[in-house]
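Numbering (my numbering), first residue to last: 6 to 403.
Note that beta-carbon positions come from the ideal geometry of N, C-alpha and C, so glycine has one too.
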Ligand SMILES: Nc1ncnc2c1ncn2[C@@H]1O[C@H](COP(=O)(O)OP(=O)(O)OP(=O)(O)O)[C@@H](O)[C@H]1O
Ligand SMILES: [Mg+2]
């Protein structure tokens with residue numbers, strides 16, 4: 006049966022007589038054997054550096070001590086320490102393991118005159134041994150690779166499991182937050198409805214005075230707005246996660262948009278001074294509804310976390326040629342180490358826990374601004390207030 010090319014093994018023969026080497030080469034001719042010959046110790050050493058041999062046949066009859074020195078050098082190097090050595094010597098010569106380091110690898114002897122059968126069978130034994138150990142090393146390497154692959158798979162699995170667990174926790178927290186946020190306006194409305202139907206049941210129509218009806222409708226409107234906003238925010242988060250937040254651009258005057266939005270806000274938040282400083286003619290191709298949503302989020306935050314102090318909305322041109330929309334408050338402020346994470350979904354700072362909110366406003370706003378090719382950044386000092394800056398390119402790129 007023929008062997009694959011990878012099964013070829015190398016053999017080193019050393020003898021100072023070239024005719025002896027030729028005779029050995031002829032004797033050992035075989036497809037699966039690559040015989041390298043050296044006539045001196047130096048030549049043998051340079052071949053040993055270059056190749057991985059299965060066996061070295063060293064003639065010690067003629068070269069005497071030179072052969073033994075070569076054997077010592079072979080045993081002395083970690084690369085060749087275990088190379089089996091067969092000494093070729095005269096039959097009458099005293100033999101034995103008489104050189105330094107001989108205990109490390111196999112040592113055998115062939116006696117002159119050489120018997121072709123003995124030489125071939127000895128070489129076959131050692132080359133087979135070499136093949137087997139090479140195969141074994143290959144198997145060990147394969148096993149090691151398989152073990153490493155398993156290890157990596159296991160690490161990936163553990164990571165996935167952790168991520169899944171985190172996602173489950175986020176989902177649970179999200180569900181409890183949503184139910185809490187919806188429950189508050191719902192329970193106010195439920196109480197109101199119960200009281201109104203009680204009054205109606207008793208025929209107490211005087212209760213429904215024009216002023217009271219006014220404030221009831223106002224309250225109902227607020228609760229409905231807050232529930233609608235919550236649901237819209239959740240839908241936006243889902244759109245962002247699926248990369249489907251759409252932007253419908255049209256000519257928009259940013260200053261006008263800011264003035265209208267602030268005017269609407271001022272109706273509902275009479276206690277907090279709201280100011281607008283808007284330059285004229287800041288007009289670009291933006292989704293006005295979405296930019297208004299960003300401004301509403303930033304304004305709501307300014308009012309929620311602004312401790313009742315004035316909030317300023319500015320519109321102008323930034324130095325880099327982008328349109329600038331900024332909302333500045335003089336409230337709680339944000340610690341430097343928190344200034345990035347507040348843009349992640351559900352991130353709320355300890356100081357904000359007493360106010361309603363889901364931690365979605367900034368996450369959605371930043372995504373809307375980025376979808377326009379712009380940026381949303383915060384500058385803030387704890388205790389002094391915060392300034393949120395939106396930058397929008399005037400033209401659509403691409
Ligand atoms: N102007 C601000 N001053 C101080 N802290 C702020 C300000 N704006 C945002 N924050 C902090 O960043 C957090 C995240 O803000 P974000 O607008 O994303 O969520 P939220 O206001 O808590 O809830 P909502 O989903 O209703 O907007 C807030 O909870 C608050 O801790
Ligand atoms: Mg907010």
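Taking 8 angstroms as the line, does the beta carbon of residue i fall inside it for any heavy atom of ligand 1?
i, result
"residue 322", "no"
"residue 297", "no"
"residue 352", "yes"
"residue 325", "no"
"residue 305", "yes"
Mark residue i as exposed unless 16 or more other C-beta atoms lie within 10 angstroms of its C-beta, in which case mark it buried.
i, result
"residue 39", "exposed"
"residue 406", "The structure shown has nothing for residue 406, since the chain only spans 6 to 403."
"residue 396", "buried"
"residue 298", "buried"
"residue 266", "buried"
"residue 191", "exposed"
"residue 135", "buried"
Using CA coordinates, which residue listed in the options is at the minimum distance from residue i?
i, options, result
"residue 327", "142, 24, 192, 398", "398"
"residue 84", "53, 111, 95", "53"
"residue 131", "87, 200, 203, 144", "87"
"residue 258", "162, 248, 267, 291", "291"
"residue 280", "289, 260, 365", "260"
"residue 393", "303, 314, 310, 400", "303"
"residue 358", "310, 234, 180", "310"
"residue 64", "119, 145, 133, 242", "119"
"residue 73", "20, 274, 181, 27", "20"
"residue 91", "12, 115, 79", "115"
"residue 273", "16, 188, 220", "220"
Alpha carbon to alpha carbon, what distance is there between residue j and residue i?
i, j, result
"residue 278", "residue 198", "33 angstroms"
"residue 287", "residue 173", "45 angstroms"
"residue 14", "residue 62", "14 angstroms"
"residue 155", "residue 169", "21 angstroms"
"residue 240", "residue 356", "27 angstroms"
"residue 175", "residue 369", "17 angstroms"
"residue 329", "residue 293", "15 angstroms"
"residue 5", "residue 113", "For residue 5 there is no data in the structure shown, the boundaries of the chain being 6 and 403."
"residue 6", "residue 82", "No answer about residue 6 holds up, because its pLDDT of 47 lies below 50 and its placement is not dependable."
"residue 403", "residue 202", "Interpretation of residue 403 is limited by its pLDDT of 39, a score under 50 that renders its predicted location unreliable; no figure is taken from the coordinates."
"residue 210", "residue 362", "37 angstroms"
"residue 145", "residue 129", "24 angstroms"
"residue 227", "residue 284", "31 angstroms"
"residue 2", "residue 180", "This structure does not reach residue 2, given that the chain is present from 6 up to 403, and the question cannot be answered."
When you measure from the CB of residue i to every non-hydrogen atom of ligand 2, does any distance come out below 8 angstroms?
i, result
"residue 358", "no"
"residue 309", "yes"
"residue 365", "yes"
"residue 362", "yes"
If you scan the segment 176 to 257 from start to end, which runs of the alpha helix (DSSP H) of 4 or more residues do you find wholly inside it? 215 to 246
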